[in-house]
Amino acid sequence: MQFIRLLSALVLMLGIFHHTVEAHAQTVDEATLRPLVQALAGDNFDDTTKAISDLVRTGDTRVSALLNALGAGDLYVSKADKSVFLGKREGTDYVATDPVTGAKLAPVPRSAAEKIKVNNRLRREIAAAIGGLTLMSENAGERRSAAEAILKTRDPESIPLLDQAIAAEKDPGIKALMSQAKAAAILNSDVPDAEKIAAITEVSAGNGRDALGLLTPLEGAEGPVGEAARSAISSINSELAVWNAVQNIVYGLSLGSVLLLAAIGLAITFGVMGVINMAHGEMVMIGAYTTFVVQQVIRATAPGIFDYSLLIALPAAFLVSGGVGVLIERSVIRFLYGRPLETLLATWGISLVLQQAIRSWFGASNVQVGNPSWMAGSFELGLLTLTWSRLWIIVFALSVFAILQLVLKKTMLGLRMRAVTQNRRMASSMGIRTPWVDALTFGLGSGIAGIAGVALSQIDNVSPNLGQGYIIDSFMVVVFGGVGNLWGTLVGAMSLGIANKFLEPFAGAVLGKILVLVLIILFIQKRPRGLFALKGRAIEA
Amino acid sequence: MTQWFFLHVDRRGSIVIALLVAIAVLVPLSNLLLPVTSPLHVPTYLVSLIGKYLTYAMLAVALDLVWGFCGILSLGHGAFFALGGYAMGMYLMRQIGPRGVYADPVLPDFMVFLNWKELPWFWYGFDSFWFAALMVVLVPGVLAFGFGWLAFRSRVTGVYLSIITQALTYALLLAFFRNDMGFGGNNGLTDFKDILGFNIQAGSTRSVLFAATALFLALAVFVTSFIVRSKLGKVLVGVRDAESRMRFLGYRVDRYKLLVWTISAMMAGIAGALYVPQVGIINPSEFEPANSIEAVIWVAVGGRGTIIGPIIGAVLVNFGKTYFTAAFPEIWLFALGALFIVVTLFLPKGILGLYGMWKGKRADRAARKKDVAPPPVAAVSGRSPIPEPQAAE
């Protein structure tokens with residue numbers, strides 16, 4: 000052993016010492032550290048525990064690796080001279096390393112050494128100790144996760160360490176986190192009330208949900224601490240309620256956007272032509288499948304532009320769905336004008352045919368539509384975590400709405416469409432070719448359904464039944480919002496989406512939906528033509 | 000009695016009723032008495048199958064009463080059918096008693112499975128057949144009355160009404176899928192053992208169920224016929240063809256609609272109650288909006304505004320469905336979809352209309368031969384021609 004020490008000292012002097020530990024953080028010399036390491040191999044677990052806290056107190060950076068090894072069961076004690084070494088099994092021997100210097104030692108036969116035993120309590124001690132050690136780490140990420148770990152364990156032992164760490168910390172974010180962790184630890188300890196109350200103030204300034212978890216155990220406490228805790232809890236609760244409402248609104252808006260996308264094309268065909276298009280959902284489905292085909296082609300030919308696949312799919316889906324729409328209008332629907340109930344049945348038949356056609360081509364199971372990278376992931380807003388796809392769908396739905404409004408208000412086609420909506424016969428008398436307008440309107444409505452399909456392919460399963468799930472909801476939106484008015488569709492979609500999300504926590508998702516349906520059925524009684532009904536005689540035909 | 004009968008049923012209707020009564024007697028007899036080898040023997044599976052078709056036919060008749068004669072296109076009649084079915088299913092569940100898998104004397108298996116301790120209040124009374132039979136009529140009737148009262152009073156008509164009837168059945172679909180509703184959730188009610196003390200699987204029970212179905216269908220035909228040929232029926236056709244005009248003439252259109260709507264829903268409920276013991280299961284998928292729309296196509300195929308048309312349509316389409324889904328499953332939806340399109344485009348009056356057209360042409364030709372004036376067009380399809388479409392909304 001003596002010889003080995005000499006050797007390692009030599010090695011050190013030669014400066015060829017390789018170790019993961021950064022040399023400048025070695026605050027204590029080998030002579031101090033050695034007996035402490037030796038103490039790890041104490042007779043009972045209490046000795047080991049004491050040795051661990053002694054080691055931690057040195058603040059030496061080698062300790063962390065040592066404790067890791069102890070926790071993993073890699074520390075052994077040799078039976079001959081009771082020296083502690085780091086061992087690795089290899090055949091019948093342990094490949095030994097010196098725990099303090101990291102120098103290679105002679106292999107020890109397995110029978111000549113004994114593992115230092117750890118139990119669960121020790122493992123917890125070790126984990127806490129390592130957490131405390133990494134608080135001082137050079138790596139900001141490690142410090143942050145150490146602080147978070149303490150925030151979870153709330154170990155009072157770590158308070159002095161935290162104090163040290165807070166004093167040394169430069170990053171304000173991590174510093175705040177550490178103070179939070181310290182406050183949490185204080186709440187978990189037996190310090191005087193005044194300190195605890197200060198800690199409560201500290202905690203309640205942080206993340207609401209975590210703070211609630213920390214404060215709830217103190218709620219029943221006596222005296223000023225309990226009072227402070229209770230008032231903090233109630234203020235946090237009211238803050239959380241506000242954020243919950245915000246979350247419901249944002250989620251409701253995103254659901255409303257989905258509804259808007261699905262319903263807006265329907266609103267056009269229904270509003271302009273009085274045609275109930277039961278195959279509308281299938282137009283959405285075709286749009287989603289177009290996205291799938293476009294992505295397949297891109298994957299096969301130019302994988303590099305996969306992130307732009309949705310941008311390519313948008314016009315493609317518009318054209319495909321719109322084309323199918325024009326085809327349906329020319330071949331079936333134009334023979335049924337003025338017979339809305341028959342149109343409803345015929346388009347239902349078309350929807351069955353389209354579903355089966357897609358099922359025959361692509362199979363009955365879901366196809367995999369990929370998300371481009373800019374749709375993945377999430378971001379934080381206050382206490383909310385929002386996914387990018389949720390945000391994008393809101394943006395997308397609103398832009399489709401805006402573009403459609405522009406088309407209706409600023410283009411010749413839009414002018415003609417509005418004329419036909421308001422008074423078909425008068426429009427016809429003024430020289431507007433109403434059949435032509437009808438075909439284009441139907442194409443436009445179907446094309447927008449196709450675009451909606453591109454968006455829905457990102458958040459829903461793409462299967463032949465995709466459209467069916469949306470058709471009734473879209474009808475509800477149109478009926479609720481009122482026919483012939485896109486603003487009605489917008490308001491209808493958003494209010495249904497938000498109502499759904501607000502009902503969900505009380506009633507559950509399914510019951511919430513049922514309630515919304517019942518509410519609409521009741522609403523129709525009051526305003527049979529929807530929120531924003533067109534007024535005038537033409538409607539009462 | 001006979002006179003009274005023929006006062007309310009026309010020739011076609013009488014023939015259908017006579018036919019139904021005949022098969023109500025003959026099919027069970029042939030199934031039970033004739034040896035299996037006899038060419039006239041009707042096997043038990045066929046008895047159940049035809050029985051199922053007849054319950055569908057009854058649903059179609061109920062739908063025709065509101066759509067064909069009153070112009071209310073319901074896309075939610077399947078809901079009333081299913082509710083009647085659930086009422087019957089609940090009775091059959093209570094009859095299982097301790098023979099269930101968990102052998103609980105009171106609670107049906109699914110409730111034991113869900114850890115329910117006692118029977119929910121709405122299951123009380125369903126151990127009695129007559130209570131269940133009352134509910135079969137009452138539940139759809141009350142729902143239809145409430146719904147219709149709200150809808151017709153505020154003059155929700157046309158496609159709006161169709162859409163909200165669809166929403167109604169969709170809401171019920173979602174509701175019945177929930178386990179907490181206490182109707183067996185996704186799996187519905189099944190594993191029935193006996194009805195009124197008779198084994199539900201036995202050939203004789205099935206034959207009796209079949210006979211009951213045929214007789215109830217005959218009754219439905221009679222009731223429809225009765226309504227249509229009464230003054231009430233004339234008002235209904237008036238509502239169908241020119242609702243505003245009827246209102247201006249002083250008729251309370253909403254009340255007429257509500258009456259016939261509620262009767263139709265009860266009829267559908269009875270059909271559902273007859274359907275469940277013959278099929279042996281009722282689950283929420285019966286509430287699917289697609290089912291209700293399919294029922295509409297039965298009526299359209301047969302010929303709406305006639306009484307026997309829906310029966311023909313329901314039996315034909317369902318026979319086609321049974322055949323195609325077994326032989327060419329991938330073609331069935333194409334065929335059904337095409338049927339919807341073809342019937343609405345080319346056969347607005349259904350098969351009966353086709354028959355009427357053919358007869359009219361023949362009469363026309365005969366008339367031209369004899370150089371006599373052709374009969375007026377209105378006579379072609381019998382009593383109640385479907386009007387030409389009105390102007391667009």
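So the sequences go chain by chain: A and B. Heads up: the first sequence begins at 0 in numbering that gives the first Met the number 0, then just goes up one per residue. Heads up: the second sequence begins at 0 in numbering that gives the first Met the number 0, then just goes up one per residue. By construction, the Cβ of each residue, glycine as well, lies at the ideal position given by its N, Cα and C atoms. Since this is a predicted model, take the numbers as computed values, not measurements.
Practice item. Return yes when the Cβ of L82(B) is within less than 7 Å of the Cβ of A270(B), no when it is not. Key: no
Practice item. Name the one or two DSSP bridge partners that G281(B) has. Key: Looking at the sequence itself, residue 281(B) is Ile, so the reference to Gly does not match. Per DSSP, L188(B).
Check your understanding: Grouping DSSP H, G and I as helix and E and B as strand, with all else coil, what is V107(A)?
Key -> strand
**Study point:** Contacting residues, own chain, Cβ-Cβ under 6 Å from G321(A) (five flanking each side not counted)
**Key:** G442, S445 and G446
Review point. Quick one: which chain A residues come within Cβ less than 9 Å of I296(B)?
Key: L344, W347 and G348
Check your understanding: So, helix, strand or coil for T57(A), using DSSP?
Key -> In this structure, T57(A) counts as helix in the three-state DSSP scheme.
Exercise for review: Inspect the beta-carbon positions of F176(B) and N185(B) and report whether they are closer than 7 Å.
Suggested key: yes
Check your understanding: Are the beta-carbon atoms belonging to A267(B) and F80(B) less than 7 Å from one another?
Key -> Contact flag set, yes.
Practice item. Could you pull the start and end residues of the alpha helix (DSSP H) that R555(A) belongs to? Key: What the structure shows of chain A is the stretch from 0 to 540, and residue 555(A) is not part of that stretch, so it cannot be assessed.
Practice item. Using 10 angstroms around the beta-carbon of L132(A), count the other beta-carbons present and answer buried if the total reaches 16, otherwise exposed. Key: A residue is called buried once 16 or more other Cβ atoms fall within 10 Å of its Cβ, and L132(A) is buried on that count.
Point to revise | Local Cβ density within 10 Å of M134(B), reported as buried at 16 or more and exposed below that | key: buried
Exercise for review: Sort S127(B), L72(B), L273(B) and N282(B) by Cα distance to L413(B) and report the nearest one.
Suggested key: Lying before the first or after the last residue shown, residue 413(B) is absent from chain B, which here runs from 0 to 392.
Point to revise | Three-pair Cβ contact test at 8 Å for the stretch 214-223 of chain B versus the stretch 6-20 of chain B | key: The stretch 214-223 of chain B is in contact with the stretch 6-20 of chain B.
**Study point:** Reference V325(A); option with closest CA among A438(A), I349(A), N119(A) and M277(A)
**Key:** A438(A)
**Study point:** Sequence-distant residues of the same chain with beta carbon closer than 6 Å to T305(B), five excluded per side
**Key:** L351
Point to revise | Interface flag, E503(A) vs chain B, CB-CB below 7 Å | key: no
Point to revise | Beta-carbon gap between I551(A) and A128(A) smaller than 7 Å | key: Nothing in the structure corresponds to residue 551(A), since chain A is present only between 0 and 540.
Exercise for review: Kindly indicate which three-state DSSP category L74(A) falls into: helix, strand or coil?
Suggested key: strand
Check your understanding: Under 7 Å between C-beta atoms, does F474(A) make it to chain B?
Key -> At least one chain B Cβ lies under 7 Å of F474(A).
**Study point:** Minimum length 4: unbroken alpha helix (DSSP H) runs contained in the stretch 412-467 of chain A
**Key:** 423-428 and 433-458
Practice item. Identify the continuous alpha helix (DSSP H) that holds E201(A) and give its terminal residues. Key: D192 to S203
Exercise for review: Following the continuous alpha helix (DSSP H) through K116(A), name the residue where it begins and the one where it ends.
Suggested key: Taken as a continuous stretch (DSSP letters only), K116(A) belongs to no alpha helix (DSSP H), as it is neither H nor E.
Review point. How about A167(A) and S256(A): are their beta carbons less than 7 Å apart?
Key: no
Point to revise | Check: E328(A) C-beta below 6 Å from any heavy atom of the ligand COA | key: You won't find the ligand COA in this model; it holds no ligand whatsoever.
Review point. So who's on the other strand from V341(B), going by DSSP bridges?
Key: According to DSSP, V341(B) bridges with nothing at all.
**Study point:** Buried versus exposed, by CB contacts within 10 Å (16 or more), R152(B)
**Key:** exposed
Review point. Using a beta-carbon distance below 7 Å, is R536(A) in contact with chain B?
Key: With a pLDDT of only 49 at R536(A), under 50, the local geometry of the prediction cannot be trusted, and the value read off the model is given with reservation. Cβ-Cβ to chain B under 7 Å: no for R536(A).
Point to revise | Meets three-Cβ-pair contact criterion under 8 Å: the stretch 271-291 of chain A and the stretch 464-483 of chain A | key: Yes: the two stretches touch, three or more of their Cβ pairs being nearer than 8 Å.
Exercise for review: Please state whether DSSP places K87(A) in a helix, a strand or coil.
Suggested key: If DSSP states are grouped into helix, strand and coil, K87(A) belongs with the strands.
Review point. Is there contact here, the stretch 353-363 of chain A with the stretch 227-244 of chain A, by at least three beta-carbon pairs under 8 Å?
Key: no
Review point. Between S284(B), Q94(B), G183(B) and A210(B), which lies nearest to F112(B) when the distance is taken from Cα to Cα?
Key: Ranking S284(B), Q94(B), G183(B) and A210(B) by Cα distance to F112(B) puts G183(B) first.
Practice item. Answer yes or no: does any C-beta atom of chain B fall closer than 7 Å to that of K512(A)? Key: yes
Exercise for review: Just the C-alpha distance for R528(A) and A56(B), rounded to the nearest angstrom, thanks.
Suggested key: 34 Å
Check your understanding: Skipping 5 residues on each side, what residues in its chain have a beta carbon closer than 7 Å to that of A337(B)?
Key -> none
Review point. In terms of residue numbering, what span does the alpha helix (DSSP H) encompassing S43(B) cover?
Key: A small correction: the amino acid at residue 43(B) is Thr; Ser does not occupy that position in the sequence shown. Its alpha helix (DSSP H) spans residues T43 to C69.
Check your understanding: How would you list, in chain order, the residues of chain A whose beta-carbon sits under 8 Å from the beta-carbon of E329(B)?
Key -> Q355, R358 and S359
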